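Everything on this sheet refers to the single structure shown next.
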Amino acid sequence: MSIIRSLKQLLIVCLLSLPVLGHAQANDEQAQSLLTQLAESSYGQKGKIAGEIARSGDERARGWLEAFSAGKLARIEPSKGDAEGSGKFVIVLSNRGRNWKVQDALTGDDLGEISRRDLDSIRVNNSLRSEIDGILSVIDLTVNDADKRLAAARGLRGNVDEAMAKKLTELMASEEDADVKATLNEALAIYKVEEQGDLSAVKTLSGSLNSEARAALNSATYSDDPALKQAARDALASIETKLKWNRAAETLYFGLSLGSVLVLAAIGLAITFGVMGVINMAHGELIMLGAYTTWGMQQMLPGQPGLALILSIPAGFLVSALAGVAIERSVIQFLKGRPLETLLATFGISLVLQQLVRTVISPLNRTVVTPDWMSGSIMVNEALSLTLNRLYIIGFALVVFVGLMLIMRKTRLGLEVRAVTQNRAMARSMGIKATKVDIMTFALGSGVAGLAGVALSQITNVGPNLGQNYIIDSFMVVVFGGVGNLWGTLVAGLSLGTINQLLEPWAGAVLAKILVLVFIILFIQKRPRGLFPQKGRAAEG
Amino acid sequence: MNYSQSWLTRPFTERSTQIFLGVLFLAVMVVSVLHLVMPEGSALYVSSYTVTLLGKYLCYALLAVAVDLVWGYLGILSLGHGAFFALGGYAMGMYLMRQIGDRGVYGDPTLPDFMVFLNWDSLPWYWHGFDMAWFAFIMVLLAPGLLALVFGFLAFRSRVTGVYLSIITQALTFALMLAFFRNEMGFGGNNGLTDFKDILGFDLRTDAARLGLFIATGIALAVGYVICRAIVTSKLGRVSVACRDAEARTRFLGYRVERVQLFVFVVSAMLAGVAGALYVPQVGIINPSEFSPLFSIEIVVWVALGGRATLYGAVIGAIIVNYAKTVFTGILPDAWLFALGALFVLVTVFLPKGIAGLLPGLKKKTDDESEAPTSGKEATA
Amino acid sequence: MSIMSELTHRDRVFDFLTPTASPVDVRHGPILYLEDVTVSFDGFKAINNLNLTIDDGELRCIIGPNGAGKTTMMDIITGKTRPDVGSVWFGSRHNLLTMNEPDIASLGIGRKFQKPTVFEALTVFENLELAMATDKRVLPTLTARLTGEARARIDEVLTTIGLTDLRHREAGILSHGQKQWLEIGMLLMQKPRLLLVDEPVAGMTEQEMERTAELLTSLAGKQSVVVVEHDMGFVRSIARTVTVLHQGSVLAEGSMDDVSNDPKVIEVYLGEGA
Amino acid sequence: MKIKKQITAGLSALALTLTVSVSAPVAAADEGPIKVGILHSLSGTMAISESTLKDTMLMLIKEQNENGGLLGRKLEPVVVDPASNWPLFAEKARELLAKDKVDVIFGNWTSVSRKSVLPVVEELNGLLFYPVQYEGEESSENVFYTGAAPNQQAIPAVNYLMNQVGVKRWVLAGTDYVYPRTTNKILEAYLKDHGVADEDIMVNYTPFGHSNWQSIVSDIKTFGSQGKKTAVVSTINGDANVPFYRELANQGIKAEDIPVVAFSVGEQELSGIDTGPLVGHLAAWNYFMSVDTDANYDFIDKWVAYTGKEDAVTNDPMEAHYIGFNMWKEAVKKAGTTDVDAVKDAIIGVSVPNLTGGYATMMPNHHITKPVLIGEIQDNGQFSVVWQTPSTVAGDAWSDYLPGSKDLISDWRKPLHCGNYNVVTKSCGGKSEVAAE
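Residue numbers (our numbering), protein chains in the order written: chain A, 1 to 541; chain B, 1 to 381; chain C, 1 to 274; chain D, 1 to 437.
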C-alpha cells in the first residue's frame with residue numbers, strides 16, 4: 001500500500017471519522033496496553049486486537065492502524081531494567097538508512113532519529129493487512145464522498161466477514177448512491193455465495209466481470225447443492241463469453257503497446273541508419289542515456305517524479321542528441337560511405353558508454369519512480385483494464401512519429417536531409433552545408449533514441465545493459481519496414497509487436513521471439529528491401 | 001602471382017604463406033618443447049595453463065581466418081559466424097558428453113547428467129551417433145556447413161547483400177542463441193555442455209592431452225590457412241573480389257555470383273565449425289553465449305584490427321586482441337572494456353588497413369617474386 | 001602509334017575477334033528484337049512500348065536526350081531489369097525475359113556500362129582473365145589454370161587496348177579513358193555475338209575516340225554492336241543506322257543525315273536545350 | 001649423441017624439480033602471504049550482482065589482516081575478472097590455481113559459471129566457496145556450497161504459503177535455465193505429494209532479461225481468479241524482475257490477492273525497483289538486511305563504512321561469503337596449515353556464527369546449515385521477516401523429490417568419501433544398473 005494512499009485516508013479520518021469513533025475519551029493507559037498486546041501477540045491474535053483498537057474509540061486509532069498495516073508502527077526497545085511493556089510506541093516517518101525518523105504514537109511529538117538497533121517494528125503480514133483494509137473500508141463507507149465510498153466498497157469485495165456483513169446490510173439501506181449500492185450488494189452477494197451458498201445471490205453475481213465474483217461462483221460450482229452448482233455454472237458460462245472478447249481486445253492492446261515500444265526504440269535508428277546509412281551500434285546506449293537522464297532528473301527533483309519525468313523528455317532528447325553529435329564529429333564523419341566500418345566503430349563506442357555508466361554511476365540498476373498519474377490502469381470494465389504506463393507510451397510513440405514525419409516532410413532541415421542523402425554532391429553545389437546536415441540528422445536520430453530511453457525507463461530496468469536488449473530488435477524493425485522509410489518503421493514495429501503477442505499464448509515467450517526472428521529472415525529473402533522498399537533507379541546498385 | 005600453377009600448390013609458392021607457416025610451425029614447436037623439456041618454475045617453462053591458453057588463441061585465429069575469407073574477399077560482413085563456431089563446438093561437445101558414459105554423477109550410461117535431472121527418459125534422436133568419434137567429427141563440418149548452405153542459398157539467391165545481409169546473419173545467430181537457451185532443445189540450456197572427461201580415449205585433464213589439442217589446433221590453423229589461401233589465389237578468388245567490388249559487372253561477365261558466394265560462405269562456415277570443435281575441449285565448456293551477436297561482432301573486429309583481405313592479418317588480430325583481453329581482465333578489469341572499445345574506434349578510423357597495413361611489402365614482394373619470370377618477358381613484348 | 005598500325009592490319013586484328021559458335025539462331029532475321037516493351041518505376045514510364053530490331057552483324061547507334069530510357073533498355077536486354085510487358089528475343093530461339101544476367105552473358109551478349117566499371121582491386125591482366133570466355137561454373141573456376149593460348153589471347157587484347165605496359169598495375173589507378181578501354185577489352189575477351197556499348201568515348205581524348213571508332217567499326221559485320229552515345233561527332237563517325245529514343249520509345253530511325261534533319265528530333269533536342 | 005645428452009639433461013632437470021617440488025610448497029607456503037583468489041565478474045551482465053561480492057571479500061580480508069592475519073601470515077587477495085564469460089571462468093580459475101597458486105577461491109554466481117569452473121578446481125585440487133543459492137544436484141570434494149540448496153529455500157517457502165497463507169493454486173514462473181527448472185521440478189513433485197492437483201499448477205518459463213510481461217501477468221491474473229487462493233513462486237532471474245513487478249503493479253495484482261514469493265530477488269535487486277507498489281510480496285532467503293541482531297547491525301555498519309555509501313545494502317550471498325570466509329579461517333586454524341587436503345578434512349563440522357543470531361555448521365556433504373526466513377517487501381526496499389524456520393536446516397546436495405537423485409547422498413568424510421553415494425546400490429558414483437535406468 002503506497003504511503004500517499006495511507007496519508008489520504010489519514011486525512012479523511014481526521015475530518016470525518018470522528019462521528020464513528022469519536023464518542024470515547026483518549027486513554028493512554030488503555031492505548032499503551034492495546035498496542036503492547038498488538039506488539040506481543042501472534043499474527044493470529046493481532047487481527048482481533050486491531051479490531052479492538054478500531055472500536056476503542058480513540059481518534060488516534062486510525063493512525064495506528066494505518067501505520068501498523070504499512071509496517072511503520074514500532075516500539076522502542078525497553079532498555080535494561082525498564083518494566084515490561086513500557087517500551088514507547090512510535091510511528092516511523094522515514095524508514096530509510098540506519099537511523100529512522102520517528103514520532104511518538106501517543107503524544108504525536110517528534111522524537112527525531114533513532115537507530116534501527118533500538119527499534120522493534122511491529123510485524124504485519126498480508127492477511128493482517130487485508131483485514132485492516134477491511135476494517136478501514138467499513139469506516140470509509142460512512143464518508144460523505146461517494147467516490148471514496150465506491151473505492152471502499154470495491155475493496156470490500158472478497159474480504160467480507162460475518163461481522164462486517166451485518167454492518168454492510170445496514171449501510172446498504174442508508175446508501176443512496178446507486179453505484180456504491182450495487183457494489184456493496186455485489187460484495188454481500190460474494191460473501192453469501194461463498195459462506196452461505198445462497199442461490200439468490202448467485203443471480204446478482206451472474207454477468208459480473210469482477211474476479212472476486214468469479215472466484216465466488218467457481219467455489220460455488222464445487223458445492224454439493226446441485227441447484228446452486230448449476231446456477232453457478234450458468235452464471236460463469238455467461239461471464240466466460242463476455243470475457244473472451246475482453247481477452248481478444250487485451251491481446252491486441254498488448255501487441256500494440258509492445259509494438260509502440262519497438263517503434264520508439266527503432267525510429268531513431270530509422271533516421272541514423274535509414275537516412276544516413278550509419279549502422280549505429282551505439283543506438284542502444286543512446287537510449288540508455290535517455291533513461292539515465294530520467295533517473296538523474298528524479299534525483300534532482302525528489303518527491304516530484306511526475307514533473308521530473310516530463311522535464312526529462314526535453315532533457316533526454318538533449319543529452320542523447322549531444323552524445324550523438326559527439327559521436328558524429330569524433331568518429332562517423334571519418335567513415336563516410338563505409339557503412340560496415342561505422343558498425344565496428346559505433347560498437348566500440350557502445351562498449352565504452354556502457355562501461356562509463358558502470359564506473360561513473362553504478363553497475364546496479366537505478367530506481368526510476370513511476371508517477372501516480374502513470375501507474376495503475378484505467379478500467380474499461382471489470383475484466384479489461386488498460387495499463388496506464390503502456391497507454392501513455394503508445395501515445396508518446398505516435399506523437400514522436402508524427403513529429404519526425406513533420407520534420408522530415410515539412411521543415412527545411414527535412415528537405416536538406418533528403419537532398420543530401422539522395423545526391424550529396426548536387427546538394428552541396430546547391431549551397432547546402434552537407435556536414436551541417438549530417439550533424440543535424442545524427443543529432444535528431446540520437447535525440448529520438450533519448451526519448452525512447454525516457455519512455456523505456458517507465459517499463460524496464462534502467463541499467464548499463466538497457467541498450468543491448470533493444471539494439472537487435474531495433475535493427476530488425478528498421479530492416480523489416482524498409483530502410484529509409486519512417487512509415488515502414490511504424491508499420492513494422494506495430495505488426496511485429498502484435499505478431500509476437502499473438503504467438504506468445506500458444507508458443508511461449510521464447511519460441512514467439514524465435515519465430516518472429518525467423519519470420520523476418522525469411523521475409524527479407526522474399527523482399528530484400530523490406531516492407532516499403534525504395535524503388536526505381538535510386539535503389540539500384 | 002603465378003596463374004598457370006595448380007590451385008592447390010599455388011599457396012606454397014607465396015612468400016607470405018611460407019613465412020606464415022614457418023612462424024606458426026616454429027611457435028608450436030617452441031611451445032611444445034619448452035613445455036616438455038623445461039623444468040617447472042624455470043623462466044622458460046611453459047605451463048599447461050599457457051599451452052591451453054595459446055590453444056584457445058589459435059582456435060580464435062582460425063575462426064578469424066574464416067571470417068576474413070568471406071568479409072575480406074567476398075565483401076560479405078557476416079555477423080553470425082559465432083553461430084557456425086558454436087555449432088561445431090556443440091557437435092564436439094555432444095561427442096565429449098557421450099564419452100563421459102556412466103562416469104556422470106548419476107552414473108547413467110547413456111543420458112548426460114542434465115538430461116537425467118530434468119527427467120528425460122531417453123536420448124533425443126539428434127543425440128544418436130555422437131558416441132562415435134567419426135560421426136561427431138563429420139557433424140562438426142556438416143552442421144555449420146548445412147546451416148550456411150541453406151541460409152546462404154536463400155540469402156544470395158534473392159541478392160540480399162551488404163548491410164541487410166549483415167543484419168540478418170545477426171538475426172540468425174540471435175535466434176539460435178535463444179533456441180539453445182531453451183532447455184527443451186536438449187542441449188543443456190544455459191549451462192550448456194561441460195565436465196568433459198576424455199577425447200579419443202585420452203584423459204582431457206592430462207597435460208599430454210592438452211599439448212596434443214594445442215598441436216592439433218596449430219595444424220588445423222595451418223591447413224585452414226592454406227585452404228583459404230588456395231581459394232583466394234585461385235581464379236575463383238579473383239572472381240570473389242570481382243563480386244565484392246562490382247557484383248553487377250561480374251554477372252554480365254557470365255559468372256553466377258550467388259553460387260560463388262555460396263561456395264565460399266559454406267567453406268568459411270565449415271572452418272569456423274572446426275575452430276569451435278577444437279575450442280570446446282580446450283576451454284572445457286560450450287554454452288549458448290557463444291551464439292551471442294556481440295561475440296560475432298568481436299570476431300569481425302579482430303579481423304579489422306589485423307587487416308582485411310590478408311588472412312594472416314586476421315590471425316594477428318585475433319591473437320593480439322585476445323592476449324590483451326587475458327592481460328587486462330587480470331590487471332585492471334574495469335579498464336578492459338574501455339580499452340577494447342577505444343581499440344575498435346581507433347582501428348576503424350585511423351587504421352582502415354589494420355595492422356597488416358603497417359607491415360607492407362610482404363604481400364607485394366610475393367607478387368613481384370612469382371611474377372618475375374613472366375612479367376620480364378612481357379615487359380619487352 | 002604502334003597500336004594504330006596494328007589496327008590497320010585487319011587480318012592480325014581479326015583472328016581473335018572471330019565469333020564463337022554460340023547457339024544463337026539468326027538464320028531468319030534479326031539477332032535482337034524488342035517488341036512493345038514497357039517498364040515503369042513508381043508510375044514513371046522509363047520505357048514506353050519500345051520496338052527495336054538489330055540485325056546480325058549490324059552496328060547501330062542509339063541517341064537520345066537524358067532520361068530517354070537508353071540505359072534502362074540495356075538493363076532490360078541484359079536481364080537486370082524486367083519489363084512490365086513486351087517481349088525481348090535474342091535471335092529467334094532465346095527469350096531473354098526468361099533468363100538471368102549470367103545466362104544472357106554466356107549466350108554472347110556483352111555489355112559496357114555507361115560509367116566504366118572494371119575490377120579496381122585486380123590488375124588489368126586479371127580483369128581480362130576473368131572476362132575470358134571459359135567455363136564459368138564455380139569448381140572449374142576454382143581449379144582453373146591459365147593456358148598458353150589464353151595468355152596469348154590476353155596479350156593480344158592488351159595490345160589492342162594499349163595497356164600492355166600497365167598489365168600488372170591495379171585497374172584502380174587507370175585513367176578514365178584507360179578504364180573505358182579496359183572495359184572494351186573485357187568485352188572482346190568475352191567474344192560476344194552482341195555488344196551493348198554505353199557511352200564508350202565519354203572522357204576520351206580525340207585520339208582515343210578515333211581508336212574507339214576504328215575498333216567498333218572493325219567489330220561490326222562479325223558481331224552486332226549497339227552503341228549508345230551522346231557525342232554526335234562520334235556517332236556520325238561510325239554510324240550507319242541511328243535510332244533516336246525519346247521518352248522511352250523510338251522517335252526516329254534512319255541514317256545520321258535523315259535523323260538529324262528530322263524536325264521531331266530537332267524539336268526534341270532543342271526542347272532539351274542540347 | 002648430442003641430442004641424447006640434451007634429453008638426459010632435460011630429464012635430470014625434470015627429476016630435480018620433481019624432488020624439489022615435493023618439499024618446495026611446504027617451504028614456500030609457510031612464509032609469505034596466504035593468497036585468497038576472488039573469482040567474480042566485474043564486467044559484463046553479471047557485474048551487477050558479483051562486483052559487490054568482490055568488495056565483501058576484500059572487506060573481510062582487510063579486517064582479518066587488521067586482526068593480525070591468519071597463522072601469523074597476512075592474507076593477500078588476488079582479484080581477476082571473468083567478465084561474465086563462462087569459458088573465461090574456467091580459464092581464470094586455472095590462472096588462479098596454476099599461476100597465482102592461491103590457497104582458496106571465493107567466487108562464482110551463476111550455475112553455469114560454477115559448472116565451468118568445477119572440473120578445473122577438481123583437477124588442480126583447489127578450494128572453492130560458492131556463495132549463491134543454487135539448484136543442488138551437485139557435490140564436489142573441492143567445492144563448499146555456502147548458499148542455499150533447494151530444501152533450504154524453496155520447500156520452506158512453499159510450506160509457509162501452504163500452511164500459513166492457505167495457498168491452493170500455484171504459478172511456478174521462472175527464467176529458462178537450470179536453477180528454476182530444477183527448483184520447479186522439485187516443487188512440482190513436492191506439491192503433488194501434498195495433494196495439489198495438476199490443473200492447480202501453472203508452470204511458465206521466460207528467456208533471460210525478458211521485458212514484456214503483459215500477457216503472462218494477465219494469464220496469472222486469470223489463473224488466480226478461480227476461487228482458490230493463488231500464489232506465484234518466482235525463480236525469475238535478475239534483470240527480468242523489474243519489468244515483471246512493474247507489470248504486476250500496473251495490472252493491479254496486490255500482494256493481498258496474489259502474493260509472489262521470489263528466490264532470486266534480494267535487497268540489491270530491490271534497490272533498482274520502485275518498491276512502493278510491491279509491498280507485501282515475499283522473498284525467501286537465509287538472511288535479510290533487516291534481521292534484528294547485533295551481529296547483523298555490526299556487519300551493516302562495517303559495510304557502510306567500507307563502501308562509504310550510506311545507502312549501501314547487504315544481501316544473502318554476502319552473508320554466505322561472510323560465513324564461508326569464517327569457516328575457512330577456522331578450518332585453517334584447526335589444521336594449522338592452508339594445505340588444501342588438510343583444510344578439506346578440518347572444515348567439516350566447523351561451526352561459525354551467522355548474521356541471523358544462530359550458527360552455521362559445515363556438513364559432511366559440503367553444504368551448511370541455515371535458517372530459512374520469509375520476508376515481505378516493504379516500501380523502503382527492505383524485507384520484514386514474517387516467518388522463519390524454528391531451527392536451522394541442513395542443505396541437501398541431492399533432492400529427495402527427484403527420481404534420479406532421491407537415493408543419492410554425499411559424505412566426504414572417510415571412509416565413505418563420496419559425493420554421490422547410492423544408498424540403494426551401496427556404490428559410489430552411482431555406477432550401477434539401478435541408478436542407470
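Even for Gly, the Cβ is constructed at its ideal location relative to N, Cα and C.
All figures in this text were calculated on a predicted structure; none of them were measured in a lab.
Query	Result
Applying the 10 Å Cβ sphere with the 16-neighbour rule, what's the burial state of H417(D)?	exposed
If we require 4 or more residues per run, which alpha helix (DSSP H) segments fall completely within the segment 107 to 166 of chain B?	113 to 117, 133 to 157
Could you compute how far the alpha carbon of K426(D) sits from the alpha carbon of M115(B)?	23 Å
Pick out the complete beta strand (DSSP E) segments inside the segment 318 to 358 of chain D, 3 residues or longer, and give them in chain order.	351 to 353
So, N381(A) versus L150(A), is the Cβ gap smaller than 8 Å?	no
Jot down the residue ranges of each uninterrupted alpha helix (DSSP H) in the segment 65 to 122 of chain C, minimum 4 residues, whole runs only, in chain order.	70 to 77, 101 to 107
Along chain A, in chain order, which residues have C-beta atoms closer than 9 Å to that of Q133(D)?	The premise fails here: Q133(D) is roughly 19 Å from chain A at the closest Cβ pair, so nothing lies under 9 Å.
Assign Y245(D) to one of two classes, buried (16 or more other C-beta atoms within 10 Å of its C-beta) or exposed (fewer than that).	buried
Any contact of the segment 268 to 276 of chain D with the segment 357 to 375 of chain A, i.e. 3+ C-beta pairs under 8 Å?	yes
Roughly how many angstroms lie between the CA atoms of K325(B) and F442(A), to the nearest whole one?	32 Å
Mind checking the segment 389 to 415 of chain D against chain B and listing, in chain order, the residues whose C-beta falls within less than 7 Å of any C-beta there?	L402, P403, G404, S405
Look at the alpha carbon of E183(C) and the alpha carbon of L194(C), and state the distance between them as a whole number of angstroms.	15 Å
Along the chain, where does the alpha helix (DSSP H) that runs through P28(B) open and close?	A small correction: the amino acid at residue 28(B) is Val; Pro does not occupy that position in the sequence shown. V28(B) -> alpha helix (DSSP H) spans 15 to 37.
According to DSSP, which residues form a beta bridge with A252(C)?	V244(C)
Would you report the Cα separation of G330(B) and M288(A), rounded to the nearest angstrom?	28 Å
Residues in the segment 74 to 91 of chain D with C-beta within 9 Å of chain B's C-beta atoms, listed in sequence order?	V79, V80, D81, P82, A83, S84, N85, W86, P87, L88, F89, A90, E91
Less than 8 Å between CB atoms is the rule here; does R238(B) satisfy it with respect to chain C?	yes
Please go through the same chain and pick out, in chain order, the residues whose beta-carbon is closer than 6 Å to the beta-carbon of K334(D), but skip the five residues on each side of it.	A346
For S234(B), would you say it is in contact with chain C, using Cβ-to-Cβ distances shorter than 8 Å as the test?	yes
In whole angstroms, what is the alpha-carbon distance linking I91(A) and G63(A)?	9 Å
Counting only runs of 4+ residues fully inside the segment 382 to 464 of chain A, write out the alpha helix (DSSP H) ranges in chain order.	388 to 410, 412 to 422, 424 to 429, 434 to 456
If the cut-off is 8 Å on Cβ atoms, which residues from the segment 112 to 137 of chain D count as contacting chain B, listed in chain order?	V112, K115, S116, L118, P119, V120, E123, E137
Locate the alpha helix (DSSP H) running through Y401(D), then write down its first and last residues.	Where Y401(D) is concerned, there is no enclosing alpha helix (DSSP H), given that its DSSP letter is neither H nor E.
Would the segment 341 to 359 of chain A count as touching the segment 371 to 385 of chain A if we require 3 or more Cβ pairs under 8 Å?	no
For chain B, is any of its Cβ atoms less than 8 Å away from the one on V217(D)?	no
Going by beta-carbon coordinates alone, are G37(D) and L88(D) separated by less than 8 Å?	no
Apply the 10 Å Cβ neighbour rule to H128(B) and answer buried if 16 or more other Cβ atoms are within range, or exposed otherwise.	exposed
Considering only the beta carbon of each residue, do L188(A) and L171(A) sit closer than 8 Å?	no
How should D109(A) be labelled, buried or exposed, when 16 other C-beta atoms within 10 angstroms of its C-beta is the threshold for buried?	exposed
Are any of the Cβ atoms in chain D nearer than 8 Å to that of S137(A)?	no
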